[in-house]
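Written below as structure tokens is the structure these notes are about.
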Amino acid sequence: MKKIGLLPRIAIAITIGILLGFVAPMWLAQIFATFNAIFSQFLGFMIPMIIVGFVTPAIADIGSRAGKLLVVTAVIAYAATFFAGFLSYFTGTLTFPSLIGGEENIALVKESTSVLPYFTVEMPPLMTVMTALVLAFMLGLGIAFSSKTALRKGFDEFRDIVSKTIDTAIIPLLPIYIFGIFLIMTVEGQVGMILKCFLKIIIVIFILHVFILVLQYCIAALFSRQNPFKMLRTMLPAYFTALGTQSSAATIPVTLRQAIKMGVREDIAGFVVPLCATIHMSGSTLKIVACALALLIMHNQPHDLGLFCHFIGMLGITIIAAPGIPGGAIMASIGLLQSILGFDEQMVALMIALYIAMDSFGTACNVTGDGALAAIINRIFPASKSATDELSAAK
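So for the sequence shown, this note's numbering puts the first residue at 16; every next one is plus one.
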């Protein structure tokens, strides 16, 4: 199974879970409900660790670079991410109720499973999500402006430990976790309606990805005075590479090469592309917001603008430097889904399945958009001695 990608494994798990759910006895459903309850506890324990482990070194690395170039790049990247989140929210509020609300008995979807586990093991997290975020920012900024290196190395090693835990304990068990969720949903008779909604949501999100890339390159074309569609065509190798790697970091060499071919100066591209690979998350944010909104509508829970303003604002920060593994952004955002939007275990599992089903497309949207941001920065900071000095200081 290790030779099979995460998405195929999850697809297999969903298929088997649905098929087996039609004939599975209650005791089998309860066994997987027990596994899911324990795994959910472990996932909850890991959430603050993921935030501290990844956000702290990311802030330390970004904050250690001085100059206007860093500030302008970070502001534009965050603005693009923030805009993508609100585009997704407003599009979803206009389209999802008609796509989801029209399903028969949709308001009767249960918020918690009726198949109870035999037992569970409590694993309370060491801190809340907000405490973890504040601690990560305090430590990250402190490390960035300190001349000491011991703490920086310590958090780099802690990040490696958390990444290894995700890679060896969480990601491999996700298909079993999702298998259990779909097995239980089939036993309860909910799966048909949910899968129909999933397909509609995926189509809407894919259209939004295309729209936001075209919009980003139209804006970039105003700065660079080029044909936006020609620019976008130049970046297609980065898009298709990201579809395969599912990692912004792994796609950096291709993104960098194509940005230079698009006319971005090598020094600007060399700074902006690696930085945006960690802080520009338009595609991921768009997906997470759309999926979260859809699930809230499905479960007839509040989804007002104020709630999502809070969620989107925190999401743009939390998924900074999401680990370079499939589903890294959704892992980093689970805490916000639970603490701000009130997601339960079943909703989190559905969120993971829905997100990972489109993980490649979100990553591809992120890295392709990095080229547009690089073109904008290239125009804002024209070639000059002072600009070269700024880049040297930033690097």
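We treat Cβ as the ideally placed atom computed from N, Cα and C, and that holds for glycine.
Assumed close pair residue i, residue j - CB separation to whole angstroms, cut-off 8 Å
i	j	result
Leu352	Ala305	Contact doesn't hold; Cβ gap of about 13 Å is too wide.
Leu365	Leu310	6 Å
Val136	Ile53	5 Å
Val15	Thr88	Any property of residue 15 remains undetermined from this structure, which presents the chain solely from 16 to 410.
Ile25	Ile193	6 Å
Cys411	Ile283	Any answer about residue 411 is impossible in this case: the structure gives the chain only from 16 up to 410.
From the options, residue whose alpha carbon lies closest to that of residue i
i	options	result
Phe396	Phe238, Pro63, Leu223 and Met313	Phe238
Met153	Leu290, Ala257, Pro40 and Val67	Val67
Arg280	Asp374, Pro23 and Ile392	Ile392
Lys163	Ala75, Leu188, Pro63 and Ser348	Ala75
Cys233	Ala368, Ile25 and Leu388	Leu388
Phe98	Thr300, Pro23, Lys215 and Phe244	Thr300
Leu331	Phe105, Phe226, Cys291 and Phe173	Strictly speaking, residue 331 in this sequence is Gly, with Leu absent from that position. Answer by Cα proximity: Cys291.
Gly100	Ile371, His325 and Met200	His325
Gln241	His224, Lys276, Ile222 and Leu271	Lys276
Gly357	Leu85, Asn315 and Leu166	Asn315
Ile186	Leu258, Ala368 and Gln45	Ala368
Ile196	Ala284, Ala390, Ala48 and Pro23	Ala48
Phe69	Met329, Ile371, Thr293 and Glu360	Thr293
Met145	Ile349, Asn381, Ala372 and Asp359	Ile349
Ala235	Ile62, Trp42 and Thr383	Thr383
Ser55	Pro139, Ala94, Val177 and Gly32	Pro139
Leu198	Thr30, Met61, Arg24 and Arg394	Thr30
Per-residue burial, residue i [other beta carbons within 10 Å of its own, 16 or more giving buried]
i	result
Phe1	Residue 1 cannot be examined here, being either before or after the span of the chain that is shown, 16 to 410.
Ser127	For Ser127, the predicted structure reports a pLDDT of 40, less than 50, and the residue's modelled location is therefore unreliable. The matter cannot be settled from this model.
Lys179	exposed
Asn51	buried
Ile218	exposed
Glu172	exposed
Lys168	exposed
Ser113	exposed
Tyr370	buried
Tyr254	buried
Phe134	exposed
Gly225	Per the sequence shown, residue 225 should be read as Val rather than Gly. Exposed is the call here.
Leu214	exposed
Rounded separation between residue i and residue j - CA only
i	j	result
Pro252	Ala73	27 Å
Leu322	Ile355	7 Å
Ile191	Ala28	7 Å
Leu150	Val90	22 Å
Pro13	Ala347	Within the shown structure, residues of the chain are numbered from 16 to 410, placing residue 13 beyond reach of any answer.
Ile158	Phe170	10 Å
Lys125	Gly59	Since pLDDT at Lys125 reaches only 43, below the 50 mark, its modelled position is unreliable, and the value read off the structure follows with that caveat. Their backbone Cα atoms lie some 22 Å apart in a straight line.
Gly36	Phe376	30 Å
Thr143	Pro63	7 Å
Lys245	Val229	11 Å
Pro289	Pro23	29 Å
Ser401	Lys83	A caution first: Ser401 carries a pLDDT of 48, below 50, which makes its placement in the model unreliable, though a value can still be read off. Using only the alpha carbons, I get a separation of about 11 Å.
Phe221	Ile345	17 Å
Ile4	Asp319	What the structure shows of the chain is the stretch from 16 to 410, and residue 4 is not part of that stretch, so it cannot be assessed.
Gly32	Thr378	27 Å
Ile334	Val38	40 Å
Ile227	Ser263	17 Å
Pro268	Arg174	23 Å
Leu34	Phe57	28 Å
Beta carbon proximity, residue i to chain C, threshold 8 Å
i	result
Asp175	In the displayed structure, chain C is absent; only one protein chain is listed.
For this session: Only counting runs of 3 or more residues, tell me where the beta strand (DSSP E) segments fall wholly within the segment 144 to 195, in order along the chain.
Result: none
For this session: Would you mind listing the alpha helix (DSSP H) stretches within the segment 244 to 331 that are 4+ residues and don't spill past its ends, in chain order?
Result: 251 to 260, 267 to 276, 281 to 294 and 297 to 313
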